[in-house]
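Read through the structure below, which is laid out as structure tokens, and then see the notes.
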Amino acid sequence: RRLLGEDPATPIAAIARHAGVSRATFYRHFGSRDALLDAIRVEPPKPARMRVLETAADLIGHRGLHAFTMEELATAAGVSRATVYRLFPTKATLFGEIVRHYSPFEPLLQVLAEHGDRPPREVIPILTHTFASVAEPRIGIMRGVLLEALSVHPDAVTGIQPFMPEVLGGLAGYLARHMETGDVRPMHPLLAVQAFMGPIAFHLMSRPLARRVLGFTMPIDEVVDELTATILGGLAA
Numbered sequence: 005r006r007l008l009g010e011d012p013a014t015p016i017a018a019i020a021r022h023a024g025v026s027r028a029t030f031y032r033h034f035g036s037r038d039a040l041l042d043a044i045r046v047e048p049p050k051p052a053r054m055r056v057l058e059t060a061a062d063l064i065g066h067r068g069l070h071a072f073t074m075e076e077l078a079t080a081a082g083v084s085r086a087t088v089y090r091l092f093p094t095k096a097t098l099f100g101e102i103v104r105h106y107s108p109f110e111p112l113l114q115v116l117a118e119h120g121d122r123p124p125r126e127v128i129p130i131l132t133h134t135f136a137s138v139a140e141p142r143i144g145i146m147r148g149v150l151l152e153a154l155s156v157h158p159d160a161v162t163g164i165q166p167f168m169p170e171v172l173g174g175l176a177g178y179l180a181r182h183m184e185t186g187d188v189r190p191m192h193p194l195l196a197v198q199a200f201m202g203p204i205a206f207h208l209m210s211r212p213l214a215r216r217v218l219g220f221t222m223p224i225d226e227v228v229d230e231l232t233a234t235i236l237g238g239l240a241a
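Residues in the sequence shown are numbered from 5 upward in steps of one, following this note's numbering.
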């Protein structure tokens, strides 16, 4: 408990040595590191990649992508500088992976993969509730990511560029198909995507302020229902 409480990555050999037993004795009693961690209720260490991503997302949310160095990121994540550069050779690579990992875009594309043959009046409510449920717990990170993306800094653009055509292509393609069938009124597909995502995103980002200043406490599901009705009305042919 003492060693693993201080460092969950402590080698089994070190635990056995401090306990005054052989490694064979350890494995006879516990069988594996995970079994020992479970027995003393210590969480197993997160993989280095996840520690770096979580730390970088927190730093971006509080300070911005360019307010910290990769060396500072390595120290904060508890890994070596070499590990950071091996996982993410550039800040552009790091930013792109944060967008992919923390944004709600991949869940939205999964919704379209499963329900893309259904009409907007059925699919858009699923999309808006999925967007809100994924984005709300991560809104601090998403705010920082959005500000970085809107800065059009080369690192942000390079990092997000491989991902955005897939996302916009999926959402815009779905809406464009339904413009052809008459379910969605004709407009530029990018504007249709913004009409769908904008109200939910703005509410989530302004929700903490609205709660503190205006005492706004409407449950998020009710908010999404109200905004979805507005979105459907605006997109209707």
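By construction, the Cβ of each residue, glycine as well, lies at the ideal position given by its N, Cα and C atoms. None of these values were measured; they are calculated from a predicted model.
Are residue i and residue j close, meaning C-beta to C-beta below 8 Å?
| i | j | result |
| --- | --- | --- |
| Val-227 | Gly-163 | no |
| Ala-136 | Leu-239 | no |
| Ile-44 | Leu-69 | no |
| Tyr-106 | Met-74 | no |
| Leu-77 | Leu-91 | no |
| Pro-169 | Ala-139 | no |
| Leu-116 | Tyr-31 | no |
| Ala-214 | Pro-193 | no |
| Val-197 | Leu-172 | yes |
| Thr-132 | Thr-221 | no |
| Gly-148 | Gly-65 | yes |
| Ala-153 | Asp-187 | no |
| Ala-18 | Arg-27 | no |
| His-182 | Pro-223 | no |
| Pro-111 | Thr-134 | yes |
Which of helix, strand or coil does DSSP assign to residue i?
| i | result |
| --- | --- |
| Val-217 | helix |
| Ala-71 | coil |
| Ala-241 | coil |
| Val-103 | helix |
| Ile-44 | coil |
| Met-222 | coil |
| Lys-95 | helix |
| Thr-59 | helix |
| Val-227 | helix |
| Thr-14 | coil |
| Ser-84 | coil |
| Val-25 | coil |
| Arg-5 | coil |
| Ser-36 | coil |
| Pro-51 | coil |
| Pro-108 | coil |
So who's on the other strand from residue i, going by DSSP bridges?
| i | result |
| --- | --- |
| Val-188 | Ala-240 |
Compare the Cα-Cα distances from residue i to each of the options and report the closest residue.
| i | options | result |
| --- | --- | --- |
| Ile-128 | Ile-235, Arg-6, Thr-14 | Ile-235 |
| Asp-121 | Ala-241, Ala-214, Thr-185, Phe-34 | Thr-185 |
| Val-56 | Phe-99, Gly-219, Leu-154, Ala-199 | Phe-99 |
| Arg-53 | Ala-81, Asp-38, Ala-39, Phe-72 | Ala-81 |
| Pro-15 | Phe-167, Thr-97, Ser-26, Arg-37 | Arg-37 |
| Thr-243 | Asp-42, Thr-79, Leu-40 | This structure does not reach residue 243, given that the chain is present from 5 up to 241, and the question cannot be answered. |
| Phe-72 | Arg-6, Arg-211, Lys-95, Ala-13 | Lys-95 |
| Ala-13 | Thr-29, Val-83, Glu-110 | Val-83 |
| Asp-229 | Arg-142, Arg-125, Ala-61 | Arg-125 |
Sequence ranges, alpha helix (DSSP H) only - wholly within the region 112-177, length at least 4: Within the region 112-177, the complete alpha helix (DSSP H) runs of at least 4 residues are 124-139, 143-154, 158-164.
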